[in-house]
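K.L.:
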Amino acid sequence: MRIVRAIGISIYILLVSLFVPWRCLAAAITPQEAELYFTSSLVSLASYSDGLNLLTREWLEESGWYFDSRENINRVADGRFHLVSRNLPGKQSVYFLAFPGTERLKDAEIDFRVKRVLFGGKTPQQFKEAAALGEHNGSQPLVHQGFNDYVQVALFQQPLDEFGNRTAGEFLAQELRGNPDEILYLTGHSLGGASATLAAARFADLGVRPEQLQVITFGAPAVGNETFARRYEHKMNLTRITMAADPVKSVLQSLTGGFVQFGKKIVWKNNKSERFAHDMVLYLDQSLRTYQDTHPETDPMPPTLQGTPARLSGGLYVAPFEFKLDKKLQQDLPYMRRTLRELLQQEYAPVILPEKSDKKSIAALCAEQKKAGCRYVLVERFSGSRIRNERNNYRLVMEEELYNTDGNLLTMQTTSATTTNLTPIETVVYLQFQAREQREKFLQ
Numbered sequence: 001m002r003i004v005r006a007i008g009i010s011i012y013i014l015l016v017s018l019f020v021p022w023r024c025l026a027a028a029i030t031p032q033e034a035e036l037y038f039t040s041s042l043v044s045l046a047s048y049s050d051g052l053n054l055l056t057r058e059w060l061e062e063s064g065w066y067f068d069s070r071e072n073i074n075r076v077a078d079g080r081f082h083l084v085s086r087n088l089p090g091k092q093s094v095y096f097l098a099f100p101g102t103e104r105l106k107d108a109e110i111d112f113r114v115k116r117v118l119f120g121g122k123t124p125q126q127f128k129e130a131a132a133l134g135e136h137n138g139s140q141p142l143v144h145q146g147f148n149d150y151v152q153v154a155l156f157q158q159p160l161d162e163f164g165n166r167t168a169g170e171f172l173a174q175e176l177r178g179n180p181d182e183i184l185y186l187t188g189h190s191l192g193g194a195s196a197t198l199a200a201a202r203f204a205d206l207g208v209r210p211e212q213l214q215v216i217t218f219g220a221p222a223v224g225n226e227t228f229a230r231r232y233e234h235k236m237n238l239t240r241i242t243m244a245a246d247p248v249k250s251v252l253q254s255l256t257g258g259f260v261q262f263g264k265k266i267v268w269k270n271n272k273s274e275r276f277a278h279d280m281v282l283y284l285d286q287s288l289r290t291y292q293d294t295h296p297e298t299d300p301m302p303p304t305l306q307g308t309p310a311r312l313s314g315g316l317y318v319a320p321f322e323f324k325l326d327k328k329l330q331q332d333l334p335y336m337r338r339t340l341r342e343l344l345q346q347e348y349a350p351v352i353l354p355e356k357s358d359k360k361s362i363a364a365l366c367a368e369q370k371k372a373g374c375r376y377v378l379v380e381r382f383s384g385s386r387i388r389n390e391r392n393n394y395r396l397v398m399e400e401e402l403y404n405t406d407g408n409l410l411t412m413q414t415t416s417a418t419t420t421n422l423t424p425i426e427t428v429v430y431l432q433f434q435a436r437e438q439r440e441k442f443l444q
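So the sequence shown is residues 1 to 444, counted in the UniProt record's numbering.
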């Protein structure tokens, strides 16, 4: 979304605090739904290609997820998608088809291509021919030309030998038809969410059953007219997640008319942030909060979110995290603490996390470390203060120290970042992740 900010709001047509400021406006979310929304938000964030989002992809890949990323470029669109999969216990697998949002100049051109075109056909060639007929009356399914172009180029433009001389979309549809118990989760943010919805509609026309098409979108605009919505609302399971102040979800209805949303709608309230309400990092932040609100920390991590920890020759004893934060960030502390603990448990094994949070000297920590049979003590301190003249922007700092059994300092480092591009919860996670390279030089 970097180009989006520079060009302006119209181009928007297109990654754990107390829950009070963010209460969901929809019906209560089940633990299973919260897990799905959180996983979808991680995959959607990782579908972007800049540095911060690539870190999310790196973490997912290290946790056992596989990204098969494809790109087809022509004068019409830079069509891109990621088939993201993970093998689960019991020989089961989970599959996501993720589309990135607006991040290139040609993506912005796609967003502006708001003319409606006919949506029909049963083959890629028929898809293309129907759209070329132009707009018809409202009794036929009409869709946003740019979004339709994007999906056509990404999934249905180029036959490949590896797919039996079929397009990627045809191959995926055939795999789903041949495996009726398999579910494809389609997801994306903004333009990516619109693409996920249209892709599901195409798969439905290729004979894929509705229960196999689970669509989760974040801040996605409407893609078609009333006829399109009524024809396809029962051919997929669509969940639209939006922020209350996100204008993109309704921009097509407001600016051009003739576009209608459908599917299950979930609205989250905005937190106090300098960030624009459409940004994907806000959706990730709230999906993380929702997941933790519905899953006690004592519950085992679900298979989709489990990591693959590195085995240490001696255990890692993690001192209680120390925080000195601006009072406006205090409400985020429960989510910060839990997320930092869980990430370390997914990175290393064994990890000992004491329940008591009282501050202790290094000597006392080392004594507890020896008693627990650990080889290392990790100490992390976080501080954060508001940046002058910016209402809700903060600089967060992490100081980290690693000691051995005898209390000797092995390494220490300081990392810092602002909340300009991330939420406070995501920022402390980013700081801990950034310290990993130096830390692991001394862990064995």
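Even for Gly, the Cβ is constructed at its ideal location relative to N, Cα and C.
Work out the CA separation of H295 and V428 for me, nearest whole Å.
P.N.:
If you take the alpha carbons of V428 and H295, they lie about 21 Å apart.
K.L.:
Compare the beta carbon distance of residue 446 and V151 with 8 Å and say whether it is the shorter of the two.
P.N.:
In this structure the chain extends from 1 to 444, so residue 446 is not present and cannot be described.
K.L.:
DSSP on R113, reduced to helix/strand/coil?
P.N.:
R113 falls in the coil class under three-state DSSP.
K.L.:
Cα separation between T411 and N421?
P.N.:
T411 and N421: Cα-Cα distance of roughly 28 Å.
K.L.:
Measure the alpha-carbon distance for A310 versus F127 and round it to whole angstroms.
P.N.:
Using only the alpha carbons, I get a separation of about 48 Å.
K.L.:
What is the rounded straight-line gap between the Cα of F382 and the Cα of Q432?
P.N.:
Going by the C-alpha atoms only, they are around 10 Å apart.
K.L.:
Quick check on Q145: does DSSP put it in helix, strand or coil?
P.N.:
Three-state result, Q145: helix.
K.L.:
Mapping the DSSP letters down to three states, classify F99 as helix, strand or coil.
P.N.:
Note: F99 maps to strand in three-state DSSP.
K.L.:
Given that a residue counts as buried once 16 or more other Cβ atoms are within 10 Å of its Cβ, and exposed if not, what is N148?
P.N.:
Flag for N148 reads buried.
K.L.:
From this set, T167, Q140, A222, which residue's C-alpha is nearest V114's C-alpha?
P.N.:
Nearest of T167, Q140, A222 to V114, Cα basis: A222.
K.L.:
Tell me the rounded alpha-carbon separation between G305 and R70.
P.N.:
Note that residue 305 is Leu in the sequence shown, not Gly. Using only the alpha carbons, I get a separation of about 24 Å.
K.L.:
Using the beta-carbon count (16 or more within 10 Å), is D246 buried or exposed?
P.N.:
D246 comes out buried.
K.L.:
Would you report the Cα separation of A200 and A98, rounded to the nearest angstrom?
P.N.:
Rounded to the nearest angstrom, the two C-alpha atoms are 12 Å apart.
K.L.:
Between the C-alpha atoms of D78 and E162, what's the straight-line distance to the nearest angstrom?
P.N.:
Using only the alpha carbons, I get a separation of about 21 Å.
K.L.:
Mind reading off the beta-carbon distance from V377 to L365? Whole number of angstroms is fine, and I expect it under 8 Å.
P.N.:
Between L365 and V377 the Cβ distance is about 5 Å, and since that is below 8 Å, they are a contact.
K.L.:
Would you kindly work out how many angstroms separate the C-alpha atoms of H333 and G384, rounded to a whole number?
P.N.:
At residue 333 the sequence reads Leu, which differs from the His that was named. Between L333 and G384, the C-alpha separation is close to 12 Å.
K.L.:
Kindly indicate which residue of S195, G178, Q214, A229 has the alpha-carbon position closest to the one of G207.
P.N.:
Here the closest residue by C-alpha is G178.
K.L.:
In whole angstroms, give me the CA-to-CA distance for Q157 and N72.
P.N.:
Going by the C-alpha atoms only, they are around 8 Å apart.
K.L.:
From R341 to L353, what does the alpha carbon distance come to, in whole angstroms?
P.N.:
Going by the C-alpha atoms only, they are around 8 Å apart.
K.L.:
Determine the contact status of G307 and C374, defining contact as a CB-CB distance below 8 Å.
P.N.:
Cβ distance not < 8 Å, so G307 and C374 don't count as in contact.
K.L.:
Between the C-alpha atoms of E437 and Q413, what's the straight-line distance to the nearest angstrom?
P.N.:
Computed Cα separation, rounded: 11 Å.
K.L.:
For A349 and L312, what's the separation of their Cα atoms in angstroms?
P.N.:
If you take the alpha carbons of A349 and L312, they lie about 6 Å apart.
K.L.:
To the nearest angstrom, how far is it from the Cα of K359 to the Cα of E182?
P.N.:
Cα-Cα distance, rounded: 50 Å.
K.L.:
Return the residue from the list T298, L55, G121, L198 that minimises the CA-CA distance to A220.
P.N.:
Comparing Cα-Cα distances from A220 to each of T298, L55, G121, L198, the minimum goes to L198.
K.L.:
To the nearest angstrom, how far is it from the Cα of residue 449 to the Cα of L191?
P.N.:
Coverage of the chain is limited to positions 1 through 444, which leaves residue 449 absent and any answer about it impossible.
K.L.:
Cα-Cα, which of T298, L284, G64 is closest to E355?
P.N.:
Out of T298, L284, G64, T298 has the C-alpha closest to the C-alpha of E355.
K.L.:
Please go through the region 272-335 and give each complete alpha helix (DSSP H) segment of 4 or more residues, from N-terminal end onward.
P.N.:
Counting only runs of 4 or more, we get 280-294.
K.L.:
Less than 8 Å between the C-beta atoms of I362 and Y403, yes or no?
P.N.:
It is a contact, given that the beta carbons lie within the stated cut-off.
K.L.:
Between which two residues does the beta strand (DSSP E) harbouring W65 extend?
P.N.:
Note, W65: premise wrong, no beta strand (DSSP E); not H, not E.
K.L.:
Using the beta-carbon count (16 or more within 10 Å), is P424 buried or exposed?
P.N.:
When all chains shown are included, P424 counts as buried.
K.L.:
Which residues does DSSP pair with R166 in a beta bridge?
P.N.:
For R166, which the question treats as bridged, DSSP gives the partners L160.
K.L.:
Kindly indicate which residue of E426, Q32, F442, F203 has the alpha-carbon position closest to the one of F171.
P.N.:
The residue with the shortest Cα to Cα distance from F171 is F203.
K.L.:
How far does the beta strand (DSSP E) with Y48 in it reach, from first residue to last?
P.N.:
Careful: Y48 lies outside any beta strand (DSSP E) and carries neither H nor E.
K.L.:
What do you reckon, are the CB atoms on F300 and P89 nearer than 8 Å?
P.N.:
It should be noted that the sequence gives Pro, not Phe, for residue 300. Not closer than 8 Å, so no.
K.L.:
Do R86 and P100 have their beta-carbon atoms positioned less than 8 Å apart in this structure?
P.N.:
No, the Cβ-Cβ distance between P100 and R86 is not below 8 Å.
K.L.:
Can you tell me whether T290 is buried or exposed, with buried defined as 16 or more other CB within 10 angstroms of its CB?
P.N.:
Burial call: buried.
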